[in-house]
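Under numbering that gives the first Met the number 0, read the sequence shown as residues 0 to 203, first letter to last.
Down below is the structure, laid out as structure tokens.
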Amino acid sequence: MGQIITLTAPSGAGKSTILGRLNSKKLFTFSVSVTTRAPREGEEDGVDYYFVSEEKFHSLLSEGKFLETAIVHGNFYGTLFSEVDQILSTDATLLLELNPEGASNAKAYYPTSVAIMILPPSYELLSERLKGRATDSVQVVQKRLSAARGEIKWGIDNADYFIINAQLDQAVEDFENIINIIKCKHSVFVENNKKYLEELTNIM
Ligand code: 5GP
């Protein structure tokens, strides 16, 4: 059986940068989400996303097909239970990048999922990082900063592991170490090593 890892971070904490530094494709499996936004050039239906109409999205929603949903820049996004279940039926490690609400849903439906939160070294630095992004308006930055406090409070109550992204190399190393530790956790280890453990105990 596979393992779900949820990764949550306030905007500007460096989640994408850390993931970009890892060989994520080798370490994790990612699920294909459903979205109502139009495909960008080069994007393939069923590979990058399942591209659907708003009508279809809402019918999937009312049928209870989504583990979690979000609205980003006016478009709907959702993670399908069917995708997660399919991946969980293999030995893969499924990484879900979710906001606190989505990560709470994942824990509720899949209690063995593990929640990791990436934190900025300080509120001031988070603020500086967000202001340094030339693409975002002052209002957007303010919104993200006030959301960050709530997201971090969620993490204090719900996350299983934390990474402080003060120094990128260290944060990447911490992330890899956490992934390795999760694989050694009793429930995960026993489930994923049944054959090996059976052999060991039969011989002994
Ligand atoms: P994009 O449209 O640029 O691919 O993604 C926009 C945003 O939507 C990104 O922050 C991405 O992480 C988020 N997103 C993509 N799929 C999902 C999903 O299934 N659930 C949630 N909550 N967010 C998603």
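By construction, the Cβ of each residue, glycine as well, lies at the ideal position given by its N, Cα and C atoms.
Residue of the options minimising C-alpha distance to residue i
| i | options | result |
| --- | --- | --- |
| leucine 97 | Leu87, Ser186, Glu123, Lys106 | Lys106 |
| asparagine 104 | Asp44, Gly77, Pro120 | Gly77 |
| alanine 69 | Asp173, Ala102, Ala37, Val46 | Ala102 |
| lysine 193 | Asp90, Ile151, Asp168, Asn179 | Asp90 |
| proline 9 | Ser81, Asn164, Asn176 | Asn164 |
| serine 58 | Phe75, Ile151, Leu167, Pro99 | Phe75 |
| threonine 35 | Ser52, Thr92, Ser81 | Ser52 |
| phenylalanine 80 | Ser145, Gly13, Gly63 | Gly63 |
| leucine 118 | Arg148, Leu95, Lys130 | Arg148 |
| glycine 19 | Leu167, Glu198, Glu127, Lys184 | Leu167 |
| leucine 94 | Ser145, Glu40, Ser23 | Ser23 |
| tyrosine 122 | Ser136, Ile181, Ser145, Gly154 | Ser145 |
| glutamate 82 | Ser61, Arg132, Val31, Glu127 | Val31 |
| lysine 14 | Pro38, Asn191, Gly131, Met116 | Met116 |
| phenylalanine 29 | Asp84, Ser136, Glu150, Ala133 | Asp84 |
| tyrosine 108 | Phe65, Arg132, Arg128 | Phe65 |
Assigned secondary structure, residue i (DSSP; H/G/I helix, E/B strand, else coil)
| i | result |
| --- | --- |
| asparagine 22 | coil |
| tyrosine 109 | coil |
| alanine 8 | coil |
| serine 32 | strand |
| threonine 78 | strand |
| alanine 146 | helix |
| aspartate 84 | helix |
| phenylalanine 161 | strand |
| valine 171 | helix |
| alanine 102 | helix |
| valine 71 | strand |
| phenylalanine 50 | strand |
| leucine 97 | coil |
| glutamine 2 | strand |
| aspartate 243 | For the chain, the structure presents residues 0 to 203; residue 243 sits outside this window and is missing. |
| aspartate 135 | coil |
| phenylalanine 65 | strand |
Cβ-Cβ separation, residue j to residue i (assumed contact under 8 Å), whole Å
| i | j | result |
| --- | --- | --- |
| valine 171 | leucine 21 | 6 Å |
| leucine 125 | glycine 11 | 5 Å |
| phenylalanine 50 | threonine 92 | No, phenylalanine 50 and threonine 92 are not in contact; Cβ-Cβ is about 26 Å, not under 8 Å. |
| valine 71 | tyrosine 48 | The pair is not a contact, with the Cβ atoms about 12 Å apart (cut-off 8 Å). |
| glutamate 67 | glutamate 100 | 7 Å |
| aspartate 173 | isoleucine 162 | 5 Å |
| leucine 199 | valine 189 | Their Cβ separation, rounded to whole angstroms, is 12 Å, which puts leucine 199 and valine 189 out of contact at 8 Å. |
Answer yes if the segment 2-10 comes into contact with the segment 103-112, meaning at least three C-beta pairs across the two stretches below 8 Å, and no otherwise. Because the criterion of three Cβ pairs below 8 Å is met, the segment 103-112 and the segment 2-10 touch.
Touch check for the segment 128-145 and the segment 154-161: three-plus C-beta pairs under 8 Å? no
Three or more C-beta pairs closer than 8 Å, one from the segment 166-181 and one from the segment 81-88: is that the case here? no
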